[in-house]
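Here is the structure we will look at.
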Amino acid sequence: MNAKVYLPLYPLAPQATCRDAYPFLDAAYAEALKEDKPVYLMGDSAGGGLALAFAEHLRDKGDRLPKKMILLSPWVDVTMSDPAIATYEKKDMMLSCYGLIELGKLWAGDLDAKDPLVSPLYGDVKSLPPTMILTGTDEVMVPDNTTLYHQMREAGVECTLIFGEGLWHVFVQDEFPEALTAREKITDFCQ
Numbered sequence: 002m003n004a005k006v007y008l009p010l011y012p013l014a015p016q017a018t019c020r021d022a023y024p025f026l027d028a029a030y031a032e033a034l035k036e037d038k039p040v041y042l043m044g045d046s047a048g049g050g051l052a053l054a055f056a057e058h059l060r061d062k063g064d065r066l067p068k069k070m071i072l073l074s075p076w077v078d079v080t081m082s083d084p085a086i087a088t089y090e091k092k093d094m095m096l097s098c099y100g101l102i103e104l105g106k107l108w109a110g111d112l113d114a115k116d117p118l119v120s121p122l123y124g125d126v127k128s129l130p131p132t133m134i135l136t137g138t139d140e141v142m143v144p145d146n147t148t149l150y151h152q153m154r155e156a157g158v159e160c161t162l163i164f165g166e167g168l169w170h171v172f173v174q175d176e177f178p179e180a181l182t183a184r185e186k187i188t189d190f191c192q
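Take 2 as the starting number for the sequence shown in the working numbering and just add one per residue.
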């Protein structure tokens, strides 16, 4: 696939809040649209949550949506309030809920942590583009990613959820057979 990749280095917490990221992303997205080619929105972890929140933001503004979204272990609820997360935290070798919740508060700034700009799981997913979600089964993002998948399907959004069995947060970035297979699925999805 011949594609131009934009990697927006958006402002991060604690120096910035989510309010600082949206004008930056609006400008980067407008630049990508100038190519007059299909735009795919992809993000991992906090960037995956931000990609979803940004798509909701674009839709609410009436802007052109990306053709498709690929979300890799997206962090879609910074409150980490789903009780099922505790079970996954015991298996997660990378992330702890306490640290994530504190980072989420910094990212929220003066907004409620359940504001869809901060935690897109609380937003409206109707009319979003076809979406692929990939997550490891041994990470704290599983419950919220599963909820997101069901919300999207119920809203009529074409959505695929792929689990990496026994795998960890953003496993797709690694170099082993399951990760390579997952990347092939992403490539096929983008055709």
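Built from N, CA and C at the ideal position, the CB exists for glycine as well.
- Boundaries of the alpha helix (DSSP H) around methionine 153: 143 to 155.
- In this structure lysine 38 is exposed. Its beta-carbon is surrounded by fewer than 16 other beta-carbon atoms within 10 angstroms.
- The C-alpha of glycine 100 lies about 29 Å from the C-alpha of alanine 29.
- Rounded to the nearest angstrom, the gap between the Cα atoms of glutamate 57 and methionine 94 is 31 Å.
- Using a 10 angstroms sphere on the CB of leucine 122, the tally of other CB atoms reaches 16 or more, which defines it as buried.
- In this structure, DSSP gives cysteine 160 an extended state, which the three-state scheme calls strand.
- Each of Leu66, His151 and Ala109 was checked against the Cα of aspartate 21, and the nearest Cα belongs to Ala109.
- The C-beta of aspartate 125 has fewer than 16 other C-beta atoms within 10 Å across all chains shown, which makes the residue exposed.
- The beta carbon of leucine 162 sits closer than 6 Å to those of Ile134 and Tyr150, all from its chain and outside the five residues before and after it, given in chain order.
- Going by C-alpha positions, glutamate 185 is about 24 Å away from alanine 33.
- If you draw a straight line from the Cα of glutamine 152 to the Cα of proline 144, it comes to about 12 Å.
- In this chain, the beta strand (DSSP E) harbouring aspartate 45 covers 41 to 45.
- In the DSSP annotation of this structure, the continuous segment of the beta strand (DSSP E) that includes threonine 136 starts and ends at 132 to 137.
- With 16 or more other Cβ atoms from the protein chains shown falling within 10 Å of its own Cβ, proline 75 counts as buried.
- Counting along the chain, lysine 186 sits inside the alpha helix (DSSP H) bounded by residues 178 to 190.
- Here leucine 59 has Leu66 as same chain residues with Cβ atoms under 6 Å from its own Cβ, once five neighbours each way along the sequence are excluded.
- Annotation for glycine 50: Pro75, Trp76, Val77 and Pro121 place their beta carbon closer than 7 Å to its own, counting only its chain and skipping 5 residues before and after.
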